[in-house]
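Participant: Please find one structure pasted underneath; my questions will follow.
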Amino acid sequence: MTEGPDADAARQAIEVATRLSLRAVGLDDAPGMDETPARVARMLVDDLWAGIFTPEPEVCEFDMGTDLDQVYAVGPITIRSTCEHHLAAIYGTAYIGVHCENTVLGLSKFARLAQWVFARPIVQERATHELAHLLYNRSKARGIGVVVRATHDCMKMRGVREPASTMVTSEMLGTFRSNGEARAELMKLWNAQGL
Ligand SMILES: [Zn+2]
Numbered sequence: 000m001t002e003g004p005d006a007d008a009a010r011q012a013i014e015v016a017t018r019l020s021l022r023a024v025g026l027d028d029a030p031g032m033d034e035t036p037a038r039v040a041r042m043l044v045d046d047l048w049a050g051i052f053t054p055e056p057e058v059c060e061f062d063m064g065t066d067l068d069q070v071y072a073v074g075p076i077t078i079r080s081t082c083e084h085h086l087a088a089i090y091g092t093a094y095i096g097v098h099c100e101n102t103v104l105g106l107s108k109f110a111r112l113a114q115w116v117f118a119r120p121i122v123q124e125r126a127t128h129e130l131a132h133l134l135y136n137r138s139k140a141r142g143i144g145v146v147v148r149a150t151h152d153c154m155k156m157r158g159v160r161e162p163a164s165t166m167v168t169s170e171m172l173g174t175f176r177s178n179g180e181a182r183a184e185l186m187k188l189w190n191a192q193g194l
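For the sequence shown, position 190 matches number 189 in numbering that gives the first Met the number 0, and the numbering has no gaps at all.
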């Protein structure tokens, strides 16, 4: 994994840029906003875009010592992000389905990988695609399914101003794409999880 950009340098640059933006609208001296540029920098670097500054989480697989032909589902996993077009907040949940062979992935790794993939400016369709392929390529799973349901502030707060809309994306790989039975079994589990 290549080193990401330097987090300290990014915090400083974002702080300066935010202060300039506030100055442009005459708010850089506003009471209560003195710490705002530093807060914005920390929010982006340490939370919403943290995936840029941290290496890809490692995936551990456990050998079950027996052949498994099992479908399991993990979710909801909370994802927080910003859209790459407006840098407006995206908030939602991811659900992951696995058709495993004789190994299973460490359970917490699903949440770590999903949060890492989404913690950067994204387009939901592409991030869903990347998460599914990452899980599929890093594991020995026969199938991987990912569904993401999220709300986009850029749609709620501006433009069409549709506060109730959600966006749902899905990607099915391996047996979940090629085998109707495996996919139907995953759908049953996702139903049970309230998806
Ligand atoms: Zn947007």
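Glycine residues also receive a C-beta, built at the ideal position from the N, C-alpha and C atoms.
Could you spell out the range, first to last residue, of the beta strand (DSSP E) harbouring Val201?
Facilitator: Residue 201 cannot be examined here, being either before or after the span of the chain that is shown, 0 to 194.
Participant: What first and last residue would you give for the beta strand (DSSP E) that runs through Gly144?
Facilitator: Taken as a continuous stretch (DSSP letters only), the beta strand (DSSP E) holding Gly144 covers 142–151.
Participant: Just the C-alpha distance for Cys153 and Val122, rounded to the nearest angstrom, thanks.
Facilitator: C-alpha separation (whole angstroms): 12 Å.
Participant: Is it buried or exposed, Ser164, if we count other Cβ atoms within 10 angstroms and call 16 or more buried?
Facilitator: Exposed is the call here.
Participant: Are Val58 and Arg137 close, meaning C-beta to C-beta below 8 Å?
Facilitator: Yes, they are a contact pair.
Participant: Ligand 1 and Ala87: does any heavy atom of the ligand fall closer than 7 Å to the residue's C-beta?
Facilitator: Yes.
Participant: For Glu124, does the three-state DSSP call read helix, strand or coil?
Facilitator: Glu124: helix per DSSP, three-state reduction.
Participant: May I ask whether a heavy atom of ligand 1 can be found less than 7 Å away from the beta carbon of Cys99?
Facilitator: Because no heavy atom of ligand 1 lies under 7 Å away, the Cβ of Cys99 does not count as near it: no.
Participant: Return the first residue and the last residue of the beta strand (DSSP E) that Val15 is part of.
Facilitator: Careful: Val15 lies outside any beta strand (DSSP E), inside the alpha helix (DSSP H) at 6–23.
Participant: Measure the CB-CB distance between Gly173 and Ala126 and report whether it falls below 8 Å.
Facilitator: No; because the gap between Cβ atoms is not below 8 Å, this pair is not in contact.
Participant: Using the beta-carbon count (16 or more within 10 Å), is Gln114 buried or exposed?
Facilitator: That one is buried.
Participant: Determine the closest residue to Ile143 out of Trp189, Ile95, Phe109, Val116, with distance taken between C-alpha atoms.
Facilitator: Of Trp189, Ile95, Phe109, Val116, the residue nearest in Cα terms is Ile95.
Participant: Can you give me the C-alpha to C-alpha distance between Gly158 and Thr81, rounded to a whole angstrom?
Facilitator: When rounded, the distance between both Cα atoms is 16 Å.
Participant: If you count every other CB in all the chains shown that lies within 10 Å of the CB of Arg22, and 16 or more means buried, which is it?
Facilitator: Exposed.
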